[in-house]
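Have a look at the structure below before the remarks.
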Amino acid sequence: MDVRLRKETKIGERQLGFRRGVGTREAFASLSSLILQSKHKRKPLIAAFVDFSKAFDTVLREKMLQRLKDEGVSQADIHMIHSMYCNVTARVDGGDKCLSEGAGVKQGDPLSPLLFLLFINNLHKALSSENQQQSGNEGRSALKPVKLSSTLIESIGYADDLVLFAHSAADLQERLQRLEVYCNEHGLTVNLKKTKILRLSSPDPLIEPDSESPLLFSMEGRLSMLIDTNT
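Residue numbers (the working numbering): 4 to 234.
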């Protein structure tokens, strides 16, 4: 089924995890090239390195089935996946009590990585400057695109790891707010302790440690991080 679903669907180019022919090498190349280009053009570049808490274990199963339909998976395959994931129970080896499975993709199942990728396949579109109709964006200025040469590269994903890029603090804040909306809709949670925001390029000289207060990002009080002004 994994081979068939990969032929029937298309994982977004910004997702580099669990895909044949691409991986961490391509992610590093894109990141380093974007930094070098920004420094050469003397343009600011800020990145948020986002980590999700137990992303594979918190996938909302009914939402996953809807997302599979949205991604063009056939009704027959959705029905088969439904039988694997809905109204099923599990029992600990040696125990006699059955527990209901409520969320997450199945551990050890070779189909699980692809199901997760399809579940979040609309994430990068939701964060893109090309999507100016994102809910909650009323009254805000349009996001400015981040491009590597002529290619839009505003986020990079590697399975459940995510990097967001922006040329300004305001744009990065907007992307974080869009991410919050997406997480609320898909049952995902950001791991605040492992999520970092860094300034990767600046047209200005390095700022002395005490000469300016660091920038504060927040997602309605639930996600608050500081930019290291000396990065």
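Using N, Cα and C, we set each Cβ at its ideal position, and we do this for glycine too.
Treat the numbers as computed from the prediction; the structure is a model and nothing was measured.
Limits of the unbroken alpha helix (DSSP H) element including residue i
i    : result
R178 : 172 to 189
T27  : 27 to 43
L199 : Reading off the sequence, residue 199 comes out as Lys, not Leu. Here K199 belongs to no alpha helix (DSSP H); instead the beta strand (DSSP E) covers 199 to 204.
K81  : With the sequence shown as reference, residue 81 is identified as Ile, and Lys is not the correct amino acid for it. Run containing I81: 78 to 88, per the alpha helix (DSSP H) assignment.
K128 : 126 to 130
Collapsed DSSP secondary structure at residue i in the structure displayed
i    : result
T192 : coil
K10  : helix
G20  : coil
L114 : coil
K66  : helix
L155 : strand
K72  : helix
M4   : coil
L150 : In the sequence as presented, Leu is not what sits at residue 150; that position holds Lys. Here K150 sits in strand by DSSP.
N106 : Note that residue 106 is Ala in the sequence shown here, rather than Asn. Reduced to three states, the DSSP call for A106 is strand.
F59  : helix
Own chain partners of residue i with C-beta closer than 7 Å, once the 5 adjacent residues on each side are dropped
i    : result
K13  : none
H265 : Only positions 4 to 234 of the chain appear in the structure, and residue 265 is not among them; the question remains open.
A79  : none
R22  : I14
L8   : V76, D80, L117
D5   : P113, L114, L117
D164 : D54
K42  : S204
R17  : H127, S158, I159, G160
V95  : none
L151 : S33, S36, L37, Q40
Y185 : L126, A129
Beta strand (DSSP E) segment containing residue i, residue limits
i    : result
V166 : 164 to 169
A51  : 48 to 54
L102 : 101 to 103
A93  : 92 to 94
Same chain, Cβ closer than 6 Å to residue i, neighbours up to 5 away in sequence not counted
i    : result
T198 : V53, D54
Y88  : R64
G97  : none
G20  : Y161, A162
M67  : F122
A93  : L102, E104
V25  : L19
Sequence-distant residues of its chain with Cβ nearer than 8 Å to residue i (five each side left out)
i    : result
K10  : none
L167 : A50, A51, V53, L130, E157, S158, L175, R178, L179, L182
L226 : Note that L226 scores 42 on pLDDT, short of 50, meaning its location in the model is unreliable and no value can be drawn from it.
T27  : L19, Y161
P206 : R45, K46, P47
A1   : The structure shown has nothing for residue 1, since the chain only spans 4 to 234.
K100 : R94
Short CB-CB distance (under 8 Å) between residue i and chain B
i    : result
H189 : Absence of chain B from the displayed structure is noted, only one protein chain being present.
Open item on the list: Tell me whether the segment 172 to 192 and the segment 19 to 36 touch, counting them as touching only if at least three CB pairs, one residue from each stretch, are closer than 8 Å.
Closed with: When C-beta atoms of the segment 172 to 192 are compared with those of the segment 19 to 36, fewer than three pairs fall below 8 Å, so the two segments do not count as touching.
Open item on the list: Across the segment 83 to 102 and the segment 180 to 196, are there enough close Cβ pairs to call them in contact, namely three or more that are closer than 8 Å?
Closed with: Remark: fewer than three beta-carbon pairs, one from each stretch, lie closer than 8 Å, so the segment 83 to 102 and the segment 180 to 196 are not flagged as touching.
Task: Cβ pair count under 8 Å reaching 3, the segment 119 to 132 against the segment 148 to 164 - done: Counting Cβ pairs under 8 Å, three or more are found: they touch.
TODO: Could you say if the segment 59 to 73 and the segment 104 to 114 meet the contact criterion of at least three C-beta pairs nearer than 8 Å?
DONE: Yes, the segment 59 to 73 touches the segment 104 to 114.
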